[in-house]
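First comes the structure, then the notes that go with it.
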Amino acid sequence: LEHGAHLERLHVRTTSQKTLLDLHYRDLSPGLFGLGLQRGVLFQTLFEAAQKHATVHCGVEIRDLARTADGRWLVDVGGKRHGPHQLVIVGDGAGSDLRDDTPLRSEVRHYSWGALWFLADHPPFPDRLQQVVRGTRKMLGMLPSGKGWGGRQEQVSLFWSLRCDQVE
18 LEHGAHLERL HVRTTSQKTL LDLHYRDLSP GLFGLGLQRG VLFQTLFEAA
68 QKHATVHCGV EIRDLARTAD GRWLVDVGGK RHGPHQLVIV GDGAGSDLRD
118 DTPLRSEVRH YSWGALWFLA DHPPFPDRLQ QVVRGTRKML GMLPSGKGWG
168 GRQEQVSLFW SLRCDQVE
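Positions 18 to 185 (my numbering) are the ones given, in order, by the sequence shown.
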């Protein structure tokens, strides 16, 4: 919370100034708010919490999961086994190769849209996520993102949506 931006609302309008969505979080429940947070802050917070409760090994590329009677093992690129573990969380995305080693099955479809994204100082709208759209194919957004890890200046994440095949 100390590193994020406290958001009161989400406001989406068209390029012709028509409001499509004006969601005030408190209208859903008193005291409810959004939190604009930089990914690095989220990662660092989770990483430090994990280190308090587990041994964390960095720089090990896991390529396979193995299951034996005594638990679950992680197998790195060189074939070395790590474990056994009572629980393994596979959190490397929808295109994970490790997912095939679990009983979970899903259909993964490629999503052809992405966003160009950068951080700037001084959010023009410090209390809300502001988006401007032109139809369903063009969108500009500004998300207050807090101070970042160790930062002193409030920042805003600016993003512009576009098809992935339109960017080298």
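Glycine included, every Cβ here is placed at the ideal spot set by N, Cα and C.
Measure the alpha-carbon distance for V149 versus L37 and round it to whole angstroms. Indexing the sequence shown from 1 puts residue 149 at position 132. Indexing the sequence shown from 1 puts residue 37 at position 20. If you take the alpha carbons of V149 and L37, they lie about 9 Å apart.
Three-way DSSP call (helix, strand, coil) for L40 in this model: Against the sequence shown, residue 40 aligns to sequence position 23. Strand at L40.
If you run the structure through DSSP and keep just helix, strand and coil, what is K69? Within the sequence shown, numbered from 1, the residue matching residue 69 stands at position 52. It is helical.
Beta-carbon proximity list for F64, same chain, < 8 Å, skipping 5 on both sides: As a first step, residue 64 must be located in the sequence shown, where it is residue number 47. Excluding residues within five positions, the ones whose Cβ falls inside 8 Å are V73.
Inter-residue CB distance, G165 and G57 (contact presumed, cutoff 8 Å): Position 148 of the sequence shown, counted from the start, is the residue given in the question as residue 165. Position 40 of the sequence shown, counted from the start, is the residue given in the question as residue 57. That pair is a contact at about 7 Å.
Can you find the residues in the same chain that come closer than 6 Å, C-beta to C-beta, to Q61, ignoring five residues on each side of it along the sequence? For the purposes of this step, residue 61 is taken as the residue at position 44 of the sequence shown. For Q61, where only same-chain residues beyond five positions count, the Cβ hits under 6 Å are W166.
If I measure Cβ to Cβ from H23 and keep anything under 6 Å in the same chain, skipping five residues before and after, which residues do I get? Translated into the one-based positions of the sequence shown, residue 23 becomes position 6. Closer than 6 Å at Cβ, skipping near neighbours: F50.
For L27, collect the residues of the same chain with a Cβ closer than 6 Å to its Cβ; drop the 5 residues on either side in sequence, then sort them by chain order. For the purposes of this step, residue 27 is taken as residue 10 along the sequence shown, with counting starting at 1. Around L27: L40, L146.
Close Cβ partners of G158 (< 6 Å) along its chain, the five nearest in sequence each way excluded: Position 141 of the sequence shown, counted from the first residue, corresponds to residue 158. So the qualifying residues of the chain are Q148, F176.
Quick one: grab the DSSP three-state call for Q239. Residue 239 lies beyond the residue range present for the chain, which begins at 18 and ends at 185; the question has no answer from this structure.
Give the secondary structure of T62 by DSSP, where H, G and I count as helix, E and B as strand, and everything else as coil. Position 45 of the sequence shown, counted from the first residue, corresponds to residue 62. Residue state, collapsed to three classes: helix.
Label G48 either buried or exposed according to how many other C-beta atoms from any shown protein chain fall within 10 Å of its C-beta, with 16 as the threshold for buried. Here the question's residue 48 lines up with position 31 in the sequence shown. Flag for G48 reads exposed.
Check whether the Cβ atoms of L54 and G21 lie closer than 9 Å to each other. The residue given as residue 54 occupies position 37 in the sequence shown. The residue given as residue 21 occupies position 4 in the sequence shown. Cβ atoms of L54 and G21: closer than 9 Å.
For P120, is the classification buried or exposed, using 16 other Cβ atoms within 10 angstroms of its Cβ as the cut-off for buried? The sequence position of residue 120 within the sequence shown is 103, counting from 1. Exposed, by the Cβ-count rule.
Write down the C-beta distance between S178 and W130 rounded to the nearest angstrom, noting that I regard them as a contact closer than 8 Å. Within the sequence shown, residue 178 is the residue found at index 161, counting from 1. Within the sequence shown, residue 130 is the residue found at index 113, counting from 1. That pair is a contact at about 6 Å.
Distance, Cα to Cα, D105 vs Q34? Position 88 of the sequence shown, counted from the start, is the residue given in the question as residue 105. Position 17 of the sequence shown, counted from the start, is the residue given in the question as residue 34. Checking the sequence, you will find Val at residue 105 rather than Asp. The straight-line gap from Cα to Cα measures roughly 48 Å.
Can you name, in chain order, every residue of its own chain whose Cβ lies under 7 Å from the Cβ of R116, other than the five neighbours on each side? Numbered from 1 along the sequence shown, position 99 holds the residue referred to as residue 116. Hits under 7 Å: V107.
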